[in-house]
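Asks: These protein sequence lines map, in sequence, to chains B and D.
14 is the number of the first residue of the first sequence in our numbering; add one for each residue after it.
14 is the number of the first residue of the second sequence in our numbering; add one for each residue after it.
Protein chains: 2
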Amino acid sequence: MDMQFDLAQNGAFPTVPRPCPGQTCDGCTVRDRAICADLSPTDRETLSRIGRRVTVHAGQTVMWEGDDNMVVANVVDGTLKLATSTGDGREQIVGVVYASDFIGRPFGARTPHSVTALTDARLCLFPRRAFDGFARNHGALQHRLLQRTLDDLDRTRDWMLLLGRKTAREKVATFLLDMGRRLRPDRTGMIDLPLSRQQIADILGITIETVSRQMTDLKRQGVIDLCGRRGVRLVDGAALEALAEGA
Amino acid sequence: MDMQFDLAQNGAFPTVPRPCPGQTCDGCTVRDRAICADLSPTDRETLSRIGRRVTVHAGQTVMWEGDDNMVVANVVDGTLKLATSTGDGREQIVGVVYASDFIGRPFGARTPHSVTALTDARLCLFPRRAFDGFARNHGALQHRLLQRTLDDLDRTRDWMLLLGRKTAREKVATFLLDMGRRLRPDRTGMIDLPLSRQQIADILGITIETVSRQMTDLKRQGVIDLCGRRGVRLVDGAALEALAEGA
DNA sequence: CGCTTGATTGATGCCATTCAACATGGGTGG
DNA sequence: CCACCCATGTTGAATGGCATCAATCAAGCG
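#1: Give the interface partners of B/GLU258 over in chain D, defined as CB-CB distance under 9 Å, in chain order.
#2: The beta strand (DSSP E) spanning B/GLU104 covers which residue range?
#3: Count the other CB atoms, across all protein chains shown, that sit within 10 Å of the CB of B/ILE204; report buried if there are 16 or more and exposed otherwise.
#4: Counting along the chain, where does the beta strand (DSSP E) carrying B/ILE219 start and finish?
#5: At 4 residues or longer, and completely inside the stretch 115-187 of chain D: list those alpha helix (DSSP H) runs for me, N to C.
#6: What does D/GLN105 touch in chain B if you count any residue whose Cβ is under 7 Å from its own?
#7: Output the boundary residues of the alpha helix (DSSP H) element that contains B/THR55.
#8: Relative to the C-alpha of B/LEU190, which candidate in B/VAL84, B/ALA257 and B/ARG44 has its C-alpha closest?
#9: Between B/GLU265 and the rest of its own chain, which residues show a CB-CB distance below 7 Å, the 5 nearest in sequence each way excluded?
#10: Which same chain residues end up closer than 8 Å to B/GLN234 when comparing Cβ atoms and leaving out the 5 residues on each side of it in sequence?
#11: Pairing CB atoms from the stretch 195-203 of chain B with CB atoms from the stretch 159-175 of chain B, are three or more of them under 8 Å?
#12: Tell me where the alpha helix (DSSP H) around D/LEU256 begins and ends.
#13: Express the C-alpha separation of D/ARG62 and D/THR92 in angstroms, rounding to a whole number.
#14: Nearest to D/ALA260 by alpha carbon, out of D/ALA181, D/LEU95 and D/ALA86?
#15: What does the Cβ neighbour count give for D/ARG71, buried or exposed, with the cut at 16 atoms within 10 Å?
#16: Counting beta carbon pairs with one atom in the stretch 123-142 of chain D and one in the stretch 79-91 of chain D, are three or more of them shorter than 8 Å?
#17: Please tell me whether B/LEU163 and D/GLY121 are closer than 9 Å, where the distance is taken between their beta carbons.
#18: Output the boundary residues of the beta strand (DSSP E) element that contains B/SER113.
#19: Does chain B have any CB closer than 9 Å to the CB of D/GLN160?
#20: Taking the alpha-carbon positions, what's the B/LYS323 to B/CYS240 distance?
#21: First and last residue of the beta strand (DSSP E) that includes D/ARG246?
#22: Quick one: what's got a C-beta closer than 7 Å to D/GLY79's C-beta in the same chain, skipping five residues either side?
#23: Given a cut-off of 9 Å, decide if D/PRO207 and D/THR132 are closer than it, judged by their beta-carbon atoms.
#24: Hey, out of D/LYS179, D/ARG246, D/LEU95 and D/ARG44, whose CA is closest to D/SER113's CA?
#25: Using three-state DSSP, classify D/ARG66 as helix, strand or coil.
#26: So, is the C-beta of B/GLN211 closer than 9 Å to a C-beta in chain D?
#27: Is it buried or exposed, D/GLU104, if we count other Cβ atoms within 10 angstroms and call 16 or more buried?
#28: Is there at least one Cβ from chain D nearer than 9 Å to B/GLY35's Cβ?
#29: Can you tell me whether B/LEU93 is helix, strand or coil according to DSSP?
#30: Please check if any C-beta of chain D sits within less than 9 Å of the C-beta of B/GLN234.
#31: With respect to the beta strand (DSSP E) encompassing B/CYS240, which residues constitute its N-terminal and C-terminal limits?
#32: Just the Cα atoms here: how many angstroms apart are B/LEU247 and B/ASP238?
#33: Quick check: is the beta carbon of D/GLY218 nearer than 9 Å to any beta carbon in chain B?
#34: Are D/GLY108 and D/ALA86 close, meaning C-beta to C-beta below 9 Å?
#35: How far does the beta strand (DSSP E) with D/THR74 in it reach, from first residue to last?
#36: Out of B/ARG194, B/THR42, B/ARG46 and B/CYS38, which has the shortest C-alpha to C-alpha gap to B/ARG57?
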């Protein structure tokens with residue numbers, strides 16, 4: 014892991030990322046999908062003044078598991094991973110967040126898991142305590158946060174079935190279908206995975222070699238097509254569905 | 014699984030469990046730990062009139078994965094499991110709930126996972142839509158629900174590390190420590206597991222035989238002591254901690 | 001007592017990991 | 001622009017951990 018390196022190079026997070034002050038909610042691309050969507054213009058303005066826009070670079074870790082919980086944020090742009098790891102370095106990715114998602118742990122003293130940027134990303138960052146105070150007084154915000162957390166919990170629990178009970182083949186097939194749903198293919202049907210093999214392995218709870226073998230197997234079977242490191246085309250979706258369920 | 018049997022015997026849930034009407038919040042044993050804790054007496058009274066007390070028997074399934082989402086509930090007494098399963102019958106337990114916990118999926122049309130009683134249990138049951146409506150208008154309730162959901166999400170994500178990255182030995186050790194924290198031992202230090210070997214296996218994502226082998230191994234090492242089907246004594250907690258982290 | 005259900009133990013095989021070599025390709029500096 | 005390099009990905013062979021199949025054991029119960 015290059016976390017130590019990131020830390021040395023960039024310093025601990027809250028003080029680090031380059032702020033882009035002066036930016037308001039007016040041009041915000043996620044304004045009506047993020048948790049602030051239901052706020053009145055004046056409330057949104059108030060919230061906006063609590064926070065600030067920052068950018069983080071791919072590989073940079075935004076929050077560390079177990080640290081004092083200082084900030085929460087909306088993801089304006091980019092992709093980040095949430096992860097935990099064992100004492101001896103085995104890592105499990107417990108979530109991947111995209112534009113308009115919310116990160117951090119409101120109403121809690123500790124950061125439950127690390128947050129690391131997979132791509133360059135822009136965040137709308139709030140000091141946690143200030144955000145907590147604001148949320149307590151704004152039911153609409155709190156309601157959206159609740160909805161989002163309930164959805165996250167459902168998805169996370171579904172993923173437990175994959176981690177605990179599915180074979181490597183089923184895991185990879187499920188993962189590819191998931192990506193196919195989330196990502197827009199280009200005109201040839203090719204999609205560009207936002208994750209390395211190692212990251213895929215850390216999501217599925219298997220090794221990088223197993224990911225690679227399963228992918229080439231699926232290619233040999235004509236179910237998918239591989240192109241370069243990150244390109245995949247889902248040739249036979251129905252077959253993938255079948256394999257994902259254990260056919 | 015005897016789910017089909019339960020269904021045939023008792024009918025689909027919402028109409029089934031024997032109601033115990035007339036009971037109020039006054040003598041409720043979980044009143045100040047459940048989500049209703051922060052409500053004013055009059056609000057609590059209102060909420061109480063929306064719901065009703067029911068009892069369910071061990072083995073009975075309260076909600077079915079994928080069904081229309083009709084009810085939510087407070088657990089007054091007993092233990093229940095939340096589970097999902099693959100088409101071919103492999104099951105993964107995604108949560109275990111105890112007295113004062115909340116079950117069901119507010120603000121959602123579908124039940125995301127099944128809920129089954131592990132012991133006889135008493136529930137304070139609410140029609141989902143009515144509960145949703147009440148919650149929307151009561152920030153205190155919604156806030157507590159949010160807190161609880163955030164905690165659940167943290168715990169669930171932690172469990173993903175176990176499912177995805179830990180060995181059978183580590184899984185069993187972690188499970189036993191978790192039980193040791195949650196359950197009160199008797200004067201000899203013995204604790205009574207609320208789960209069968211099959212259920213433990215379904216929580217840890219391994220087979221019943223592997224659970225059994227790991228337990229007897231730990232016993233041979235003098236780390237734990239086994240007594241009957243459900244009795245365990247954690248003899249050497251420090252050693253267990255070490256094994257849980259991969260020593 | 002037999003019957004049933006749950007738990008333990010044993011034998012065997014397979015899938016995923018591990019260790020290792022090799023390929024690829026994106027990026028950089030000469 | 002090409003050669004080189006390092007990170008990333010693929011492939012191979014061997015090991016081992018866990019699942020599977022199956023027999024035995026231990027309780028509870030009619």
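Yeah, the Cβ is synthetic: ideal placement off N, Cα and C, and Gly gets one too.
These numbers come from a predicted model, not from an experiment.
Replies: Concretely, from the data shown:
#1: Within chain D, the residues THR99, GLY100 and ASP101 have their CB atoms less than 9 Å from the CB of B/GLU258, given in chain order.
#2: DSSP places B/GLU104 inside the beta strand (DSSP E), whose first and last residues are 104-110.
#3: By the neighbour-count criterion, in which a residue is buried when 16 or more other Cβ atoms sit within 10 angstroms of its Cβ, B/ILE204 is buried.
#4: Annotation: B/ILE219 is outside any beta strand (DSSP E) and is labelled neither H nor E by DSSP.
#5: Given a length threshold of 4 residues, each whole run of the alpha helix (DSSP H) inside the stretch 115-187 of chain D is given here in chain order: 141-149 and 152-178.
#6: Correct list: MET173, LEU174, GLY177 and ARG178.
#7: DSSP places B/THR55 inside the alpha helix (DSSP H), whose first and last residues are 54-63.
#8: When each option's Cα is compared against that of B/LEU190, the closest is B/ALA257.
#9: The structure shown does not extend to residue 265 of chain B, since chain B is modelled only from 14 to 260, so the question has no answer here.
#10: Closer than 8 Å at Cβ, skipping near neighbours: ALA252.
#11: Result no; under three Cβ-Cβ pairs closer than 8 Å.
#12: Annotation: the continuous alpha helix (DSSP H) that includes D/LEU256 extends over 250-257.
#13: Whole-angstrom Cα-Cα distance: 24 Å.
#14: Restricting attention to D/ALA181, D/LEU95 and D/ALA86, the CA atom closest to the CA of D/ALA260 is found in D/ALA181.
#15: Residue identity check: residue 71 of chain D is Ala in the sequence provided, not Arg. It counts as exposed.
#16: The stretch 79-91 of chain D makes contact with the stretch 123-142 of chain D; the number of CB pairs closer than 8 Å reaches 3 or more.
#17: Yes.
#18: Per DSSP, B/SER113 is not a residue of any beta strand (DSSP E), being assigned neither H nor E.
#19: Chain B, which has a Cβ nearer than 9 Å to the Cβ of D/GLN160, makes this yes.
#20: Nothing about residue 323 of chain B can be read from this structure; chain B reaches only from 14 to 260.
#21: Bounds of the beta strand (DSSP E) holding D/ARG246 are 244-247.
#22: Within the same chain, D/GLY79 has close Cβ partners ARG123 and THR124.
#23: When the beta-carbon positions are compared, D/THR132 and D/PRO207 come within less than 9 Å of each other.
#24: Ranking the options by Cα distance to D/SER113, first place goes to D/ARG44.
#25: Looking at D/ARG66 - three-state DSSP - the assignment turns out to be strand.
#26: No, because no Cβ of chain D sits closer than 9 Å to the Cβ of B/GLN211.
#27: For D/GLU104, the number of other beta carbons within 10 angstroms of its own is at least 16, and it is reported as buried.
#28: For B/GLY35, the pLDDT reaches just 48, beneath the cut-off of 50, and the residue's location in the model is therefore unreliable, leaving the point undetermined.
#29: In this structure, B/LEU93 counts as strand in the three-state DSSP scheme.
#30: So, not an interface residue.
#31: First-last of the beta strand (DSSP E) with B/CYS240: 237-240.
#32: A direct Cα-Cα distance of roughly 7 Å separates B/LEU247 from B/ASP238.
#33: When Cβ-Cβ separations below 9 Å define contact, D/GLY218 makes contact with chain B.
#34: For D/GLY108 and D/ALA86, no; Cβs fall outside 9 Å.
#35: Where D/THR74 is concerned, the enclosing beta strand (DSSP E) stretches over 74-76.
#36: In terms of Cα proximity to B/ARG57, the closest of B/ARG194, B/THR42, B/ARG46 and B/CYS38 is B/CYS38.
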